[in-house]
Structures are given as structure tokens and as C-alpha cells.
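Note that the protein sequences, when read in sequence, are chains A and B. Numbering that gives the first Met the number 0 puts the first residue of the first sequence at 0, with every later residue one more than the last. Numbering that gives the first Met the number 0 puts the first residue of the second sequence at 0, with every later residue one more than the last. Backbone N, C-alpha and C fix where the C-beta goes; we use that ideal spot for every residue, glycine too. Please read all numbers here as calculations on a predicted model, not as lab measurements.
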Amino acid sequence: MAAPLALLLIVAVTIRAALFRTSLANLISERVEVVSPLNAWKRVVEGLALLDLDISPYSGDVFHETPMVIYLFHFLMDYAEITFMLADCLTAVALYLAVKDYNKQVFRKQKFALEADRIPMDCLELIRSPTEMYYIPLKVAMFYLLNPFTIVSCVAKCTCGLNNAVIALFILSTMRGSALLSAIFLALATYQSIYPLTLCVPALLYLLQRLYIPVNVRRSSFWFYTLQYLFMFLGSLLVLICLSFFLLGSWDFLPAVYGFILSVPDLTPNIGLFWYFFAEMFDHFRLFFLCVFQINVFFYTLPLSIKLKEHPVFLIFMQIALIAIFKSYPTVGDLSLYMAFLPVWNHLYRFLRNIFLVSCVLLACSALFPVLWHLWIYAGSANSNFYYAITLLFSVAQVPVCLSPSLLSSRESSSKTALFTHSLLF
Amino acid sequence: MGLLSDPNRRRALIGMLTRLNAPICMICYMAGVAWFMGLAFEPFTLRTYMSENAMGSTMVEERFPAGERALATGREFAAHKKKTGGMPVDWLVRTMQARGLEVYTQRFSRKLPFPDEDKERYMVKGTNVYGILRAPRAPRTEALVLSAPCSPGNENNQAVGILLGLAQYFRSQIYWAKDIIFLVNEHDLIGMQAWLEGYHHTNTTGMDWSPLQGRGGSIQAALSLELSSDVVTSLDLVLEGLNGQLPNLDLANLFYAFCQKIGVLCTTQGKLPRNDWDTTSGYSHAVQTMMLMVLKQASSRPWGDHGLFLRYHIEAASIKGVNSFRPYKTDATTVGRLLEGMYRKLNNLLERLHQSYFFYLMPSLTRFVSIGYYMPAFGLLALILLLRALDLWVQLSSPPTRTTEDACPPLCPLSAPQPASPGVLSILTPLVISHLTGVALYTLPVLSQELAVEHFPVSETEAVVLTAIAIYTAGLALPHNTHRLLAGEGTEQGWKVLKLVAVLYLAVLLGCTALINFSLVFPERGLLVGVNDPGLTLLFAVFFFQELQETPVTLQEGWMLYLSVISQGILDHALYGSLLYPLAALLVYPCWLLFWNILFWK
């Protein structure tokens with residue numbers, strides 16, 4: 000399997016390297032769909048320039064990356080393109096290995112179920128043959144590396160590629176059952192953009208499941224493990240934040256990064272839901288609606304983890320998707336991470352309703368973004384409502400992509416097949 | 000969503016859509032065409048009205064008196080133009096200065112990618128002269144432009160005369176709140192392009208120009224005047240700009256309102272508004288006017304010097320003097336008064352023109368069809384594509400259960416559209432090959448002209464056009480070659496998947512084009528039929544356009560015209576950044592090649 004993966008990596012790097020050399024790179028790095036105020040390369044360069052002049056990069060309202068990123072690029076400035084390509088490759092390889100591990104477990108479970116004769120006849124076709132499963136990790140890597148969204152995001156040198164790499168490493172270390180590494184990478188991801196905080200729950204569920212510790216509040220082993228994991232997570236987060244403080248010598252970065260993410264002061268249009276809404280909002284409602292909007296990312300964690308507590312990997316997927324939809328400055332790079340997971344559940348596609356409709360809508364929306372932007376900003380004949388309409392449609396279309404498999408189980412819970420599907424899913 | 004989430008109803012709906020697919024498509028097609036033709040029918044259209052308050056209720060008086068003197072200046076200009084054999088820069092600078100304007104010049108030069116045989120130019124060098132009348136009443140943050148081209152030969156002298164006359168007259172008025180820029184541009188659009196790029200500090204087409212020494216505020220509106228005789232019978236309004244962009248409808252309303260007020264005969268597309276909509280001839284007249292507008296818009300080229308302003312978000316139109324409706328007569332004083340009135344009203348604007356429509360079609364100067372009325376016609380056509388795609392999707396996801404149970408496992412059709420499934424190569428190969436052909440069609444003609452000129456007895460322009468046609472035709476042979484490449488893979492499933500991809504591709508393409516330049520959709524619609532290729536569509540459009548303009552051409556002339564249209568299209572792209580050529584070469588042509596491929600798959 001290494002050869003196809005290597006070939007895939009070579010193809011992916013070639014495409015990116017070729018695009019870096021064309022004039023398209025400049026054009027792409029200006030697109031609001033691809034870069035947000037949070038992760039635009041232009042702003043990193045600006046921050047670096049300020050740092051070189053011994054001015055705090057957070058003075059002025061341009062730079063919103065974390066201190067680690069700026070120090071990373073302080074050393075890698077000349078190799079930025081390679082760094083971003085490497086980050087993409089790293090993400091793909093990590094996802095590849097993680098999904099491979101995961102598939103092994105699914106396969107084992109499936110075998111046990113078969114041997115125990117617990118599978119109804121009409122569900123036999125849902126059982127996945129080894130050959131099918133064999134290609135899934137490669138498909139995942141391919142979905143990530145060759146996804147146009149990932150490619151444009153990489154070519155624009157959008158730092159969300161780095162965040163994706165961290166999250167992918169987190170998933171890999173969780174799959175491998177390494178609690179410490181998992182906690183460290185999760186802390187790193189949280190440090191980068193707060194929202195991955197919600198991934199804490201599925202990771203914990205997965206690790207508990209792996210150690211056969213039941214999720215039961217009355218068991219001391221559950222509490223012990225949970226506290227242990229949380230301690231590692233919070234400890235490494237604290238270390239990271241203190242490290243940033245010592246690097247910069249000030250706490251400036253807290254409001255400039257996390258305050259910026261949470262209070263959404265920059266209303267540059269993007270593919271998310273925030274900008275239009277808050278541009279129209281009266282000031283005295285702002286705080287309230289800010290809470291309402293931000294809570295979306297965190298709120299679903301609880302019900303979903305109760306519902307999907309047997310299927311933590313699927314929960315991770317759902318959480319990543321929810322973050323990509325509801326975060327305050329989403330870019331297409333965020334989408335590409337959860338889209339990479341779609342092949343893992345490809346045996347369930349037949350149960351997805353409207354998958355055709357949804358994919359058509361996503362396709363059309365991606366094409367319409369630049370067109371409506373052109374009409375609004377350059378031609379002046381359309382206005383922001385047109386663009387927001389597409390943003391809205393885009394977000395709405397994403398919801399079935401990630402929610403359908405779980406809706407499937409709840410809707411048709413009477414049907415035996417569906418129940419079984421649900422148990423086999425993950 | 001309720002309908003779609005109930006499995007039974009959903010199945011019934013899909014069943015109905017697939018069973019009745021062909022009839023529904025036919026009905027949609029006919030309804031779409033009928034709707035579109037109905038747009039020209041007067042009771043279905045709206046009468047134009049002024050939306051902008053600042054231009055509506057305020058009364059202005061037009062008192063421009065000096066038409067004769069303006070014509071004399073025009074004659075003087077003609078004499079100097081003849082003497083210098085080009086733009087009489089010194090004379091213009093002196094004259095404008097004498098009229099109290101701040102005068103500046105701008106030099107520019109441009110080498111065309113290949114010689115333009117229509118206008119006989121290759122290395123273009125010229126000078127723009129412009130004078131700014133500073134606003135006495137306001138802080139000079141906004142400006143209006145009046146331009147007249149300095150054309151070769153004996154044309155447009157009167158326009159320059161009136162421009163200078165108006166400059167002198169405006170100078171003596173005190174009510175100007177916006178700078179007024181009087182521009183005489185050489186080499187029509189190339190000069191205009193240089194001036195606009197200089198004014199806005201951009202350089203999109205790689206032209207050489209000297210930077211502008213003086214500027215006014217941000218330009219709010221612009222008019223371009225073209226006048227070739229002392230007395231005109233009517234004035235024609237030209238709206239179509241680069242890439243089919245149109246100025247705000249209020250600008251057309253303004254022109255029409257003043258024509259009515261002063262009593263000048265006005266036309267659009269050279270056609271008078273008529274009142275007999277209930278007769279066949281009246282209706283066909285309206286259809287002709289609208290189709291002319293559609294075709295001009297679809298050509299994506301600027302149809303007057305105003306066309307490039309629109310790119311900079313400036314509302315602009317050209318006014319052309321026509322001398323063909325014999326009994327009517329309008330002298331230069333009246334034209335001057337008309338322009339004065341329009342500028343007085345534009346001067347009253349408080350913000351950019353934005354109240355009225357930007358997307359519209361005009362079956363006559365008094366009637367318009369807004370986007371809300373013409374989009375359903377497009378929607379009906381797009382619906383056909385979506386229905387076809389749905390039908391194919393259903394066919395792809397259901398047939399194995401009935402026909403060949405074991406030949407294709409149930410998952411195969413579903414996973415077919417994803418990469419890495421066995422079918423992917425059979426889709427990706429035609430996709431990539433047809434796009435590469437498109438890229439070749441886009442790049443090679445201009446690149447290979449030298450080679451072609453060396454080896455064949457043709458001129459550069461012919462070389463470019465003929466290379467384009469050669470590559471285009473070579474693309475037609477592709478299906479046979481891809482077939483050989485994919486021996487054994489041309490299964491029933493394969494072409495259906497390819498067709499699904501092609502249909503969706505076309506639908507997205509049409510949707511995007513409809514938003515940018517609605518008129519382009521109708522020529523593209525030809526692709527729906529499958530066999531109707533872009534080249535033939537263009538040829539047909541050329542003949543149709545000539546027919547509508549009431550100057551029918553013979554086959555021979557038509558062919559020459561066709562060739563020159565292609566070369567003009569390529570030139571427009573290189574010079575002004577018109578999008579038609581890249582759109583056709585890089586997207587429409589590959590998309591059509593996919594359909595062509597499918598046609599030969601079986």
C-alpha cells in the first residue's frame with residue numbers, strides 16, 4: 000500500500016508546486032472563501048515584519064495568529080511553500096494511518112458479529128469485504144490531498160492547513176491509543192483555534208472504549224481516567240500558553256487571538272454565517288447573538304456524545320464538520336478535513352437521502368461564490384444579499400452531508416435493518 | 000424538505016419524474032422558449048420610469064446656445080486633424096486651455112498580439128487629451144466624464160466640436176458640484192483603456208501609458224458622444240459594454256426623458272419605439288430589437304467607447320448621431336442642450352446611480368424586462384438539465400437489480416462518481432483530454448502565428464484564426480482516439496456517468512454565465528441539443544445578427560465576417576480583457592466535447 004500512497008503524495012505535491020509557480024497563486028490567496036482574517040498569509044507576513052522591528056505583532060489589528068505560528072515562520076519564512084505542502088502531506092499520511100487502524104477494528108467487530116450469527120439476512124450486503132476496506136485509507140488520503148478545496152487552501156498558504164495537520168495527528172494518536180500524545184495534540188489544536196476543544200469528548204470516549212472502561216459515573220476507574228486525560232490536556236494547554244507568554248513577553252495575544260475568534264470583530268465576508276448577520280445587527284443585541292452563534296459549536300457536543308457514545312470516531316467526524324460549519328471564520332480548508340472522512344462511511348451512502356441534490360448544491364455553490372463576489376464587488380450590479388444567500392445555501396447543504404448517517408438511525412429506528420446499520424456503522 | 004424526507008412520497012415523486020422525463024423536458028423547453036419570446040410582447044413588459052429621486056423631480060433648464068460655433072470648432076478640429084495626420088494634440092491643448100480648463104495629455108502605446116485587419120492597426124501609438132472643469136460648488140470628490148473619440152478620416156469631428164462648445168459653456172455656469180472631465184481619446188477603445196487604467200492606477204492588460212498628471216474625483220457617470228454630421232435625424236443610445244455589462248437603467252431613462260422633453264427622435268439598436276404592439280409587425284419589431292440587444296450583449300465586446308467604463312463601476316453610455324430618418328432634423332444646438340440637461344441632472348446626484356436595474360433587456364427604448372422576468376426563461380431551460388441529471392442518477396443507482404444481478408455489485412454505481420473506483424478513469428480521461436484541447440485552443444493560436452506565417456502563405460491574422468479553427472476541428476476527432484485509449488472500458492455505465500458529469504457541468508456553467516451575462520446563455524443553450532456545436536452556433540449568430548440589422552450578407556461575405564469575428568474575439572480578450580474567448584475555449588468547448596464524446600461512445 001505504500002507505493003500508491005507515495006505516488007499520491009508525489010502527484011499532490013506536483014500539483015501544488017506547479018500552482019505555486021503560476022499567477023493563480025496570487026489570485027487564490029486574495030479570495031475570501033479561501034483565506035479568512037484569522038489565517039491569511041498576508042497577515043502572517045505583516046506580523047513577521049512587525050516582529051522583526053521589535054514591535055508586538057499584535058499591535059494594530061492585522062495579525063491574529065498564535066505566537067507559536069509566528070515563531071514557526073520566523074524560522075521557516077523562506078521555506079513557507081514547502082512547509083505548507085509538508086503539512087498537507089502530513090495530514091494525509093496521518094489520516095491514512097488512522098483510518099487504517101480504525102478499519103482493522105471495524106473488521107474485527109464485523110467478524111465477531113458474523114461468527115456470533117447476529118447479522119440479519121437482509122443486512123448481509125452491508126458487510127464490507129476486506130478488498131473494499133483495503134482501499135478506504137487510500138481513498139481518504141486521496142480525498143484530502145486531491146480535494147480542490149485543500150489544494151487552493153494550500154496554494155493560498157492559508158494556515159488552516161497547519162491546524163488540519165495538528166487535528167489529523169490528534170486523530171492518529173487517539174486511534175493508536177496514546178493518551179498523552181492525543182492530549183498534547185488536542186491542546187495544540189485548541190491553542191490554535193479554540194474550537195477543537197469539543198473534540199475532547201469523543202477522544203475520551205474512544206480511549207475509554209479502547210481500555211474497556213464503561214462510561215459510568217459511579218465507577219471510579221472512569222473518573223480516574225477522565226481526570227487523568229483532562230489533566231494532561233489542560234496541562235499541555237497551560238504549558239503552550241505560558242510558552243507563548245515567555246516568547247512574546249506579554250499577554251497581548253490572548254485578546255488578539257481568542258478574543259478575535261470569539262467576539263468576531265472582523266466582518267469581512269466569508270463562507271460562514273457570522274459576517275452578514277452581525278453586519279446587520281444593532282449593537283445592543285450583539286453580545287446576546289454572539290453567544291447564540293458561538294454556542295452552536297459547543298452545544299451539540301453533549302447530545303451527540305450521548306447519542307453516539309458507542310461510536311466515538313463518528314463523533315469526531317461530526318464535531319469536525321460542525322466546527323467547520325459554525326466557526327466564526329470558516330474557510331474551505333476547514334471543510335476539506337471533514338470531507339476527507341466521507342469515504343470511511345461510503346457503504347452507507349445508499350441510505351443518505353438527497354445525496355445527489357446535496358452534492359449538486361455544494362458544487363453549484365462553489366462555482367457561484369466567485370461569480371457573485373465578482374458581481375457584488377467589481378461589477379456593482381449585485382449586492383451582499385446575493386453572496387450571503389449562497390453562503391447560507393452552502394452551509395445548509397453541508398448539514399445533510401454530515402448529519403444524514405446519524406439521522407438515518409434515529410428516524411428509522413423501528414426498522415431492523417437500520418438498527419443493524421447503525422451498529423455496524425462504526 | 001418534508002416531501003423529500005418521506006420515503007414513499009419521495010419514491011413516487013422520483014418515479015413520476017423519471018417516467019415522464021422526456022415529456023417534462025419538452026414542455027420545459029417549449030415553455031422556456033415561449034417565455035423568452037413573450038418578453039418582447041408589450042403587455043408583459045414594464046414601462047421605463049425614473050427611479051432616482053435626485054434626477055427625477057428637479058427641474059433644469061437647458062440654455063446651450065452655441066451649436067453653430069461648436070460646429071465651426073469641429074471644422075477647425077477637422078482641418079488640424081488632417082494637417083497633423085492624427086490627433087492634433089497641440090491645437091486641442093491650446094483650445095481647451097483657452098476655454099479655461101485644466102488640460103493634461105497622456106501618451107500610450109500598445110502592440111497588438113496580431114494585426115487587426117478590420118481597423119488596420121498593429122503598433123498603436125497615440126495621445127489622449129483631457130481637460131478638467133473643476134467644480135466650484137463642492138469639494139471635488141466626484142466627477143463626470145464627457146468623451147468624444149478622435150477617429151481617423153472624417154468622422155466624429157462634430158462630436159469634438161460640441162464637446163469643446165459645451166466645455167466653454169459649462170465653464171461659465173456656477174452650479175457644478177462635480178468635476179467635469181472632457182476627454183478626447185485617440186484610437187477609440189485602446190485610448191479609452193489607457194486613460195481609464197491611468198486614472199485608476201491599474202494595469203490589467205500590459206499596456207504602456209504615461210501616468211496621468213491631473214485627476215478629478217471618483218467618476219460617477221460618463222457619456223461618450225459620436226456625431227459625424229452637422230445635422231442628425233435621431234440619436235441612438237448604446238448601452239452594451241464589456242462582457243455584456245449594462246449601465247444602470249436610470250441612465251437610459253434619463254436620456255429618454257430628455258429626448259422627450261426636447262423633442263428629439265431617439266432609438267436603441269437603431270430601432271424606433273413603436274406603439275402598434277398588437278400587430279404582428281409591431282411585435283416582430285420588438286423581438287428584433289430585443290434579439291439585437293441579446294446578440295450584442297452575448298458578443299461580450301464594448302459596442303461604444305463607454306463600454307470600458309462599466310468595468311470600473313461607472314455608469315456609462317454612448318450616444319450616436321444617426322442620419323437616416325429623413326423628415327426629422329436635429330441641429331447641433333439641440334444636441335448640446337440635450338447633453339447639458341443630462342449633465343445638469345447627473346450633477347444633482349447624491350450617490351452613485353443604484354436605484355434602478357442593472358440587469359435588463361430592452362425590447363424598445365420605452366420598455367424593459369427586468370431580471371425577475373427573464374430569469375424564469377433561463378430557469379426552465381436549466382430545469383431540463385437537472386431533470387436529465389436526475390434521470391441519469393436514478394438509472395445509475397437502480398438498474399443492476401433488474402438486469403444483471405451479479406455483473407455489477409450494488410455498490411458499484413454509487414461509488415462510480417468518486418475517484419478511485421474502477422470507473423473513474425473512464426470519466427477522468429475524457430474530462431482531462433477535452434480540457435487540454437480547450438487549453439490548446441486558448442493558447443496556441445496566438446503563440447503559433449509566427450510558425451504558421453513562415454510555413455503557409457497566410458497573413459498573421461489569418462494564421463491565428465485558421466489555427467483556432469484547425470484546433471477546434473481536431474478536437475472533433477477526439478472521441479475516436481479516446482475510444483482506442485480506453486478500449487474495453489466503454490460500458491453502458493461509463494457513458495451514463497460521463498453524461499451525468501457533462502450535464503451537471505453544463506448546468507453549473509450555464510448558471511454562472513446567466514448571472515454574469517444573461518444573453519450568453521441563449522447561444523450556449525444550443526449545447527443542450529448536443530450536436531449543435533459552439534462553432535456552428537457562432538456562425539449562425541453572425542448571419543442572424545446581419546439579418547436583424549437588415550443588412551443581409553451572402554455566404555461568402557458571411558464567411559469572411561465569421562473569420563473576422565473570431566479574430567476580433569481573440570483581440571478583445573487580449574486588449575480589453577473580454578471574457579468570451581477564454582470562456583468559450585476553456586469551459587464551453589470542453590463541455591461540448593464531452594457531449595460529442597458521449598455521442599460517439601456507443
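Spell out whether any CB of chain B is found under 8 Å from the CB atom of A/Val370.
yes
For A/Ala320, which of A/Lys306, A/Pro369 and A/Ser394 has the nearest alpha-carbon?
A/Ser394
When you compare each of A/Tyr224, A/Ala112, A/Ser192 and A/Leu4 to A/Leu204 by their alpha carbons, which one comes out closest?
A/Tyr224
Kindly indicate which three-state DSSP category A/Phe419 falls into: helix, strand or coil?
Interpretation of A/Phe419 is limited by its pLDDT of 45, a score under 50 that renders its predicted location unreliable; the figure taken from the coordinates is listed afterwards. Helix.
Closer than 7 Å, Cβ to any Cβ of chain A: which residues of the stretch 301–320 of chain B, in chain order?
His312
Rounded to a whole number of angstroms, what is the C-alpha to C-alpha distance between A/Cys359 and B/Gly125?
51 Å
Would A/Lys108 be called buried (16 or more neighbouring beta carbons within 10 Å of its own) or exposed?
exposed
So that I know if they touch, is there some Cβ in chain A lying closer than 8 Å to that of B/Val263?
no
Spatial distance of B/Arg106 from B/Met29 (CA atoms)
54 Å
Flag A/Ser304 as yes if its beta-carbon sits less than 8 Å from any beta-carbon of chain B, otherwise no.
no
Taking 8 Å as the CB-CB limit, is A/Ser380 close to chain B?
yes
Helix, strand or coil, according to DSSP, for B/Phe107 in the structure here?
strand
Note down, in chain order, every chain A residue with its Cβ under 9 Å from the Cβ of B/Phe521.
Within 9 Å Cβ-Cβ: nothing; B/Phe521 doesn't reach chain A, min ~18 Å.
Any Cβ of chain A within less than 8 Å of the Cβ of B/Cys511?
yes
Rounded distance between the beta-carbons of B/Phe517 and B/Phe367, thought under 8 Å:
Wrong, their Cβ atoms sit about 13 Å apart, outside the cutoff.
Length of the line joining the Cα atoms of B/Arg18 and B/Ser299:
40 Å
Please report the Cβ distance between A/Glu29 and A/Val43, rounded to the nearest whole angstrom; I am assuming they are in contact, meaning their Cβ atoms lie under 8 Å.
The pair is not a contact, with the Cβ atoms about 15 Å apart (cut-off 8 Å).
Please report the straight-line C-alpha distance between A/Lys138 and A/Asn382, rounded to a whole angstrom.
40 Å
What does the alpha-carbon distance come out to for the pair A/Ala39 and A/Ser152?
10 Å
Straight-line CA distance for A/Phe355 to B/Gly474?
31 Å
Runs of beta strand (DSSP E) wholly within the stretch 107–133 of chain B (minimum 3 residues, chain order)
120–132
Sorted by chain position, which residues of the same chain lie with C-beta nearer than 8 Å to B/Thr402's C-beta, five sequence neighbours on each side aside?
The predicted model places B/Thr402 with a pLDDT of 36, which falls under 50 and marks its position as unreliable; any figure quoted below should be read in that light. Contacts found: none.
Between the alpha carbons of B/Pro112 and B/Glu449, how many angstroms are there, rounded?
11 Å
So is B/Asp277 buried or exposed if we call it buried at 16+ other beta carbons inside 10 Å?
exposed
Could you give the residue range of the alpha helix (DSSP H) that holds A/Phe19?
Ala1 to Arg20
What would DSSP say about A/Val398, mapped onto helix, strand or coil?
helix
Among the residues of its own chain, which have a CB less than 6 Å from the CB of B/Cys411, if the five just before and after it don't count?
Bear in mind that a pLDDT of 39 at B/Cys411, under 50, signals an unreliable position, so the number given afterwards is only what the model happens to contain. Excluding sequence neighbours, B/Cys411 sits near nothing in its chain.
CB contact below 8 Å: A/Cys88 versus chain B:
no
Minimum length 4: unbroken alpha helix (DSSP H) runs contained in the stretch 137–184 of chain A:
147–154 and 159–174
For A/His421, decide whether its Cβ has a neighbour in chain B, counting only Cβ atoms nearer than 8 Å.
Legend: pLDDT at A/His421 = 47, less than 50; position of this residue unreliable, no value from coordinates given.
Determine, using beta carbons only, whether B/Trp591 comes closer than 8 Å to chain A.
no
Checking 8 Å against the spacing of the C-beta atoms, do A/Arg15 and A/Met84 come in under that value?
yes
Suppose contacts are defined by Cβ-Cβ distances below 8 Å. Is B/Leu132 in contact with B/Leu100 by that definition?
yes
Through-space distance from A/Leu26 to B/Ala545, alpha-carbon basis
The question names Ala, but residue 545 of chain B is Gln in the sequence shown. In a straight line, the C-alpha of B/Gln545 is about 40 Å away from that of A/Leu26.
Buried or exposed for A/Ala2, please, with buried defined as at least 16 other CB atoms from any protein chain shown within 10 angstroms of its CB.
exposed
Buried or exposed: B/Thr203, going by 16 or more other Cβ atoms within 10 Å of its Cβ?
exposed
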